[in-house]
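>
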Amino acid sequence: METVEMNSVSLKHPRSEDDVADADEIKRQKILENSKAGNDSGQSIETVTEQAEDMKSEIIPNEESEEQEEELEDSDEDGDPESFADMMKHGLTESDVGITKFVSSHKGFSGILKERYSDFVVHEIGKDGRVSHLDDFSVPVDDEDPSEETFTVLSDEDKQRLEELQLFKNKETSVAIEVVEDTKEKRTIIHQAVKSLFPGLETKTEDRDGKKYIIAYHAAGKKALANPRKHSWPKSRGNYCHFVLYKENKDTMDAINVLSKFLRVKPNIFSYMGTKDKRAITVQEIAVLRITAQRLAHLNKCLMNFKLGNFSYKNHPLKLGELQGNHFTVVLRNITGTDDQIEQAMHSLREIGFINYYGMQRFGTTAVPTYQIGRAILQNNWNEVMDLILKPRPGAEKGYLVKCREEWAKTKDPAAALKKLPVKRCVEGQLLRGLLKYGMKNIISAFGIIPRNNRLMYIHSYQSYVWNNMVSKRIEEYGLRAVPGDLILKGATAVHIEEGDIDNYTIHDVVMPLPGFDVIYPKHKIGEAYKEMLIADNLDINNMRHKIRDYSLSGAYRKIIIRPQNVNWEVVAYDDPKIPLFTTDLDKLEGKPLPVLPTDGKFRALKMEFSLPPSTYATMAIREVLKMDTSIKNQTQLNTTWLR
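Read in the UniProt record's numbering, the sequence shown has 596 at position 596, and its numbers run on one by one without any break.
Shown next, in the form of structure tokens:
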């Protein structure tokens, strides 16, 4: 996954620990005063509470009571910024997960990232190197498409009844729609509307008491919903409609779920190359099976924070990971660096790059890091896995999760703990369901109820934790040069650099392994450091196969330094923190001009652009520029400090 999920943050140089401690009481008082006064700064309180919103427990798809749970989640606030900052003292810092080194020599400076989600824009780069842009709302001309009247001929009541029939939500076997103005043309439009808007339903015309009715009924059972009728799709048209999805402040899966609901289809008919951030504007390609461009374009009239365009028909879906990377446009507001500092920082990013650390979002946001759960899985310590997921923990959490954990600690009763959870799609709810189903003596099966991707997230987090720590040791030991014993890739095969070949390689060629049974390790001190780290975690580096196949780690290789491509930057002055500092694809389509910026404004912002390959973290590139800790713990404390 090449996602970058970063909350709104103020990145400032921290004061000494003593200064922070001395100022605690003043800081808290300031926060309360600012919140009461309406927070004229326009940055601080809002940025912290927006972080709180993004700290929700990991959500797992589940059809039960989905809409009710979404409402419940949205309505449950996380408290004021003071309490959130206080709770985040229990979170992780970068050093906790091995992120400790920088490659550049410039002096760091402060700035605010994602003060507005529109300050962070991601454009997907396809496998052909083309950057995805939304720049065309037109629909491909197709004689087979139904008329525009198809979308308006059915009443809201008809659509509701048809949807319930389509989704088997009632006992009815058919729905009758009276043809009020009976003409052959009108009947044809109704037939087309039902078949195109409600895949899986067939229609026929019947006479009843001298009136004409269109009767809708199921074509081929429940499978018809997932598999639109073959005969309804022209042979000359590609089976997949590809389109560009422009979205604001929503992650990719949420967006697809919304599209599915509007189109009344299952989400699995959509495909994509990568998931994108929530708190950002993102532009990416999506493919959907046998849904017309006309139907998709119609959604632009009713969707909030989404736009669809650049439609085309092709004969293939999209595959996860089948992309070259992403192009980022980022605004860092209220920067303090001098022009020289900024030039040094950006030149270093372009010429040297940054350490390819796994970003903080890889390790979770609560007091129990995901890598600890991954380590327990690899140790086959299932009681520890259960305990880490369910035990009470300090830090930022929803109130109902706190009550659930307290109940679990008190009773160890899955049914009682589950009753405290109104939202049961979280990992905790899934595990409790599993324990209820399989019993406390079969934690492995209970844990298996959690979707596979979420389970693997834990062990991948542990691999990332090891990798980060080893890369920091590697750079500390040998610096930014290739040395004998380092690993480089020849094709897909890793080989050691020999003494005689050292002049043929630079630090940009060097890779390091994520631990697994199918990788080799460096032939210098760092190879031994891997073994020592795993021994300390009661793991055997020579036996990374697990008795449960899903949890066997084959390992992989990852470049230790990434040099971004297409790096550009500009410093701009501005007065209003709320005005946009560049135009988006949608702004351009709607003809919105860029606001006129003052030549000598109150604030300065750094606008930067760069392209990164998949599985690299833009937060780590920004960290290298600012030389700041990107952890939510640090960012939250800095945001509250900024209020003083």
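The beta-carbon is built from N, C-alpha and C at its ideal position, and this holds for glycine as well.
To the nearest angstrom, report how far apart Asp501 and Leu489 are at their CA atoms.
Going by the C-alpha atoms only, they are around 14 Å apart.
> With a 10 Å radius around its C-beta and 16 neighbouring C-beta atoms as the bar for buried, classify Pro593 as buried or exposed.
Result: exposed.
> Let me know the secondary structure DSSP gives Phe328 once reduced to three states.
Strand.
> Of all the options Tyr521, Phe120 and Lys420, which has the alpha carbon lying nearest to the alpha carbon of Val471?
Out of Tyr521, Phe120 and Lys420, Tyr521 has the C-alpha closest to the C-alpha of Val471.
> Is the distance from the Cβ of Val511 to the Cβ of Lys559 below 8 Å?
Yes, Cβ-Cβ distance for Val511 and Lys559 is below 8 Å.
> Once you ignore the five residues that flank Gln284 on each side, which residues in its own chain have a CB closer than 6 Å to its CB?
Glu124, Ser132, Leu245 and Lys276.
> Pair every Cβ in the segment 203–213 with every Cβ in the segment 253–265, then say whether three or more of these pairs are closer than 8 Å.
In short, these stretches do not touch, since the Cβ pair count stays below three.
> Is the distance from the Cβ of Tyr557 to the Cβ of Leu487 below 8 Å?
Result yes, Cβ atoms of Tyr557 and Leu487 sit closer than 8 Å.
> Give the straight-line distance between the Cα atoms of Glu164 and Arg264, rounded to the nearest whole angstrom.
Roughly 10 Å between the two C-alpha positions.
> How many Å lie between Arg161 and Asn268 at the Cα?
So the two alpha carbons sit approximately 24 Å from each other.
> Looking at C-beta atoms only, is the number of pairs between the segment 394–407 and the segment 594–613 that lie closer than 8 Å three or more?
No, the segment 394–407 does not touch the segment 594–613.
> Go ahead and label Ser155 buried or exposed: buried means 16 or more other beta carbons lie within 10 angstroms of its beta carbon, across all protein chains shown.
Ser155 is exposed by the Cβ-count criterion.
> Between which two residues does the alpha helix (DSSP H) harbouring Trp408 extend?
Per DSSP, Trp408 belongs to the alpha helix (DSSP H) from Gly399 to Thr411.
> Which residues share a DSSP beta bridge with Gln284?
Looking at the DSSP assignment, Gln284 forms a beta bridge with Leu245.
> With a threshold of 8 Å on Cβ separation, who are the neighbours of Tyr400 within its own chain once the five nearest residues in sequence on each side are excluded?
These residues qualify, in order along the chain: Asp76, Lys420, Leu421, Pro422 and Val423.
> Alpha carbon to alpha carbon, how far is Arg116 from Ala536?
For Arg116 and Ala536, the distance between alpha carbons rounds to 43 Å.
> So, at 7 Å on beta carbons, what are the nonlocal neighbours of Leu378 in its own chain, with the 5 sequence-adjacent residues on each side left out?
The answer, listed in chain order, is Ile459, Tyr462, Leu539, His546 and Tyr551.
> Give the straight-line distance between the Cα atoms of Asn305 and Ile281, rounded to the nearest whole angstrom.
Answer to the nearest angstrom: the Cα atoms are 9 Å apart.
> Have a look at Thr370, Ala416, Lys473 and Gly491 and flag the residue whose alpha-carbon is nearest the alpha-carbon of Arg455.
Checked all of Thr370, Ala416, Lys473 and Gly491; the closest Cα to Arg455 is Thr370.
> In three-state terms, what does DSSP make of Val511?
Looking at Val511 - three-state DSSP - the assignment turns out to be strand.
> So what does DSSP say about Lys578, is it helix, strand or coil?
Lys578 falls in the coil class under three-state DSSP.
> Between which residues of its own chain and Thr616 is the CB-CB distance below 8 Å, once the five residues before and five after are set aside?
Taken in chain order, the residues that qualify are Glu2, Gly325, Asn356 and Ile562.
> If Phe311 sits next to Cys241, beta carbons under 8 Å apart, how far is it from one beta carbon to the other, in whole angstroms?
Confirmed, Cβ separation roughly 6 Å.
> Is Arg604 closer than 8 Å to Ala573 when the C-beta atoms are compared?
Yes, the Cβ-Cβ distance between Ala573 and Arg604 is below 8 Å.
> Could you name the residues of the same chain whose beta carbon sits closer than 6 Å to that of Thr583, not counting the 5 residues immediately before and after it, in chain order?
Here the set comprises Leu594.
> Hey, how far is the Cα of Gln430 from the Cα of Val97?
Their backbone Cα atoms lie some 27 Å apart in a straight line.
> Could you have a look at Asp22 and say whether DSSP puts it in helix, strand or coil?
Model confidence at Asp22 stands at a pLDDT of 38, short of 50, so the residue's coordinates are unreliable and nothing is read from them.
> How about Gly434 and Asn315: are their beta carbons less than 8 Å apart?
Contact: no.
> Three-state secondary structure (DSSP) at Gly129?
Coil at Gly129, not helix or strand.
> Where Glu609 and Asp119 are concerned, what is the direct C-alpha to C-alpha distance, given to the nearest angstrom?
Computed Cα separation, rounded: 11 Å.
> Quick one: give me the first and last residue of the alpha helix (DSSP H) that Gly429 is part of.
Unbroken alpha helix (DSSP H) run through Gly429: Val427 to Tyr438.
> What are the start and end residues of each continuous beta strand (DSSP E) run of 3 or more residues lying completely inside the segment 468–500, in chain order?
With a minimum length of 3 residues, the continuous beta strand (DSSP E) runs that stay inside the segment 468–500 are 487–490 and 493–496.
> How would you label Phe198, buried or exposed, when you count the other beta carbons within 10 angstroms and need 16 or more for buried?
It is buried - the Cβ of Phe198 has at least 16 other Cβ atoms within 10 Å.
> Is the separation between the beta-carbon of Leu289 and that of Ala297 shorter than 8 Å?
Result no, Cβ atoms of Leu289 and Ala297 do not sit closer than 8 Å.
> Would you mind sorting Arg375 into buried or exposed? The rule is 16 or more other CB atoms within 10 Å of its CB.
Counting Cβ neighbours within 10 Å, Arg375 comes out buried, since at least 16 surround it.
> For Phe168, count neighbouring Cβ atoms within 10 angstroms of its own Cβ and tell me buried if that reaches 16, exposed if not.
Exposed, since its Cβ has fewer than 16 Cβ neighbours within 10 Å.
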